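Colleague: Okay, handing you the structure first.
In the UniProt record's numbering, the protein residues as written are 1 to 345.
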């Protein structure tokens, strides 16, 4: 018996080492791919510079081509990185608190609510433009309250959450499209939010996005242990002395903040918060202490990749990153839906 226990212990240690090695390799490979993608994205367009020229132009002396790239392309790249990280982590947090593997801020209506309020402020109160993220956060909270309350029927059903979220998302998206049409369509200031177009983003947009996103990402790292507790059954968590309702509210607010702020700047992005967490669980496991930081890295890579593909697939025309994510994410969602036992009935 003792020999069997020792053998079992050795096997467990071996499995843990393999998982740790795979997680470490996943972080390294994703980080390297992200750096390479940034270099590629910088050079997509009429202006091209070598990595050495880019470094000299950024840190040593002024180079006209690098200065132009810095003003025109870098804001878009930085926004793609931080918005992608924010939406991906938001998906991780929503899936934890709702205990729903198909939860995504775009699918369950959070992005729709945030986008509608952002469009409302941009169209009718342009003087409050720099406060748009805060108003978008309020819209995201409203959408989450609607989905949560309408889905509650003696408990939360994953299927009810998805169906209610789709309905709420469709309602807010329709309202946003209506406001866009009434305010002048593609020529209006609300069009980039509705269409998810980040072509003309500037460093002012970066300054608007970064403080909120960095705050949300830091809070998400602090809440990783809470997310692990939320993976337990509520009764089990309460037996450990955990205030489940308080944790669910706090984590949900951080998730809404990340999704809403990103939507206010880049528009609604569906499926990013669904795809990245699932890939992350396959590569680094279900422990949120590794899953959340990996989702930041992978989310930044995925969204920048979608934006880079959108810039090249139909050049000289552009396809928005949100459309690319929808084309890729739709089939991914269907596959997950068919494989999920919770929705088998």
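Where is the CB? At the ideal position from N, CA and C, for every residue including glycine.
Since the structure is predicted, the reported quantities are computational estimates derived from the model, not experimental observations.
Pair every Cβ in the stretch 306-313 with every Cβ in the stretch 36-55, then say whether three or more of these pairs are closer than 8 angstroms.
Modeller: Yes: the two stretches touch, three or more of their Cβ pairs being nearer than 8 angstroms.
Colleague: What is the residue span of the alpha helix (DSSP H) that residue 53 lies within?
Modeller: Taken as a continuous stretch (DSSP letters only), the alpha helix (DSSP H) holding residue 53 covers 51-59.
Colleague: If you compare alpha carbons, which of 203, 207, 211, 173 is closest to residue 193?
Modeller: It is 173.
Colleague: Tell me, to the nearest whole angstrom, how far the beta carbon of residue 106 is from that of residue 295; I am working on the premise that it is less than 8 angstroms.
Modeller: Going by Cβ atoms, the distance from residue 106 to residue 295 rounds to 15 angstroms, so no, they are not a contact pair.
Colleague: The alpha helix (DSSP H) spanning residue 167 covers which residue range?
Modeller: Start and end: 158-182.
Colleague: With H, G and I counted as helix, E and B as strand and the rest as coil, what does DSSP make of residue 101?
Modeller: Of the three classes helix, strand and coil, the one that applies to residue 101 here is coil, per DSSP.
Colleague: What number of angstroms, rounded off, separates the C-alpha of residue 321 from the C-alpha of residue 130?
Modeller: Distance between the alpha carbons of residue 321 and residue 130 is about 23 angstroms.
Colleague: Determine whether the beta carbon atoms of residue 169 and residue 116 lie at a separation below 7 angstroms.
Modeller: Not a contact, by the Cβ cut-off of 7 angstroms.
Colleague: Beta carbon of residue 145: closer than 6 angstroms to some heavy atom of the ligand PLP?
Modeller: The ligand PLP is absent from the structure shown, which contains no ligands of any kind.
Colleague: Classify residue 64 as buried or exposed, calling it buried when 16 or more other Cβ atoms lie within 10 Å of its own Cβ.
Modeller: Exposed, by the Cβ-count rule.
Colleague: Short of 8 angstroms in beta carbon distance, which residues of its chain neighbour residue 31, apart from the five on each side in sequence? Order them along the chain.
Modeller: 297, listed in sequence order.
Colleague: Spatial neighbours of residue 263 within its chain, please: CB distance less than 7 angstroms, with the 5 preceding and 5 following residues excluded, ordered by chain position.
Modeller: If we look at residue 263 and ignore the five residues flanking it on each side, its Cβ neighbours are 111, 114, 115, 118, 136.
Colleague: Got a sec, what are the start and stop residues for the alpha helix (DSSP H) residue 202 sits in?
Modeller: Segment: none, residue 202 is in no alpha helix (DSSP H) and carries neither H nor E.
Colleague: With distances taken between CB atoms, is the gap from residue 252 to residue 78 smaller than 7 angstroms?
Modeller: For residue 252 and residue 78, no; Cβs fall outside 7 angstroms.
Colleague: What separation, rounded to the nearest whole angstrom, lies between the Cα atoms of residue 331 and residue 234?
Modeller: Going by the C-alpha atoms only, they are around 32 angstroms apart.
Colleague: Leaving out the 5 sequence neighbours to the left and right, which residues in its chain are closer than 7 angstroms to residue 318 when beta-carbon positions are compared?
Modeller: Closer than 7 angstroms at Cβ, skipping near neighbours: 199, 310, 311.
Colleague: Looking at residue 250 and residue 237, is the spacing between their C-beta atoms short of 7 angstroms?
Modeller: Against a cut-off of 7 angstroms, the Cβ pair of residue 250 and residue 237 comes out as no contact.
Colleague: Reducing DSSP to helix, strand and coil, say where residue 125 ends up.
Modeller: Three-state DSSP puts residue 125 in coil, outside helix and strand.
Colleague: State whether the stretch 277-285 contacts the stretch 54-72, with contact taken as three or more CB pairs (one from each stretch) at a distance under 8 angstroms.
Modeller: Contact between the stretch 277-285 and the stretch 54-72 is absent, because fewer than three Cβ pairs lie under 8 angstroms.
Colleague: Give a yes or no on whether the C-beta atoms belonging to residue 265 and residue 302 are separated by under 7 angstroms.
Modeller: Their beta carbons are not under 7 angstroms apart, which means residue 265 does not touch residue 302 by this criterion.
Colleague: Identify the continuous alpha helix (DSSP H) that holds residue 290 and give its terminal residues.
Modeller: Run containing residue 290: 288-312, per the alpha helix (DSSP H) assignment.
Colleague: From residue 40 to residue 152, what does the alpha carbon distance come to, in whole angstroms?
Modeller: Using only the alpha carbons, I get a separation of about 47 angstroms.
Colleague: Is residue 292 buried or exposed, if buried means 16 or more other CB atoms sit within 10 Å of its CB?
Modeller: So residue 292 counts as buried.
Colleague: For residue 141, collect the residues of the same chain with a Cβ closer than 6 angstroms to its Cβ; drop the 5 residues on either side in sequence, then sort them by chain order.
Modeller: 256, listed in sequence order.
Colleague: Any idea if residue 164 is buried or exposed, counting beta-carbon neighbours within 10 angstroms, 16 or more meaning buried?
Modeller: Residue 164 is buried by the Cβ-count criterion.
Colleague: Counting C-beta neighbours from all protein chains within 10 Å, is the total for residue 16 16 or more, i.e. buried, or is it exposed?
Modeller: Residue 16 is exposed by the Cβ-count criterion.
Colleague: Leaving out five residues on either side along the sequence, give the residues of the same chain with a beta carbon under 8 angstroms from the beta carbon of residue 336.
Modeller: The residues are 101, 102, 274, 278.
Colleague: For residue 109, which of helix, strand or coil comes out of DSSP?
Modeller: Looking at residue 109 - three-state DSSP - the assignment turns out to be coil, as it is neither helix nor strand.
Colleague: Tell me the rounded alpha-carbon separation between residue 187 and residue 122.
Modeller: Note that residue 187 scores 47 on pLDDT, short of 50, meaning its location in the model is unreliable; the coordinates nonetheless yield the value given after this. Those two C-alpha atoms are separated by around 13 angstroms.
Colleague: How is the alpha helix (DSSP H) around residue 269 delimited, first residue to last?
Modeller: Run containing residue 269: none; DSSP gives neither H nor E here.
Colleague: Relative to the C-alpha of residue 108, which residue among 333, 338, 339 is closest?
Modeller: It is 333 whose Cα lies nearest to the Cα of residue 108.
Colleague: According to DSSP, simplified to helix, strand and coil, what is residue 328?
Modeller: Three-state result, residue 328: helix.
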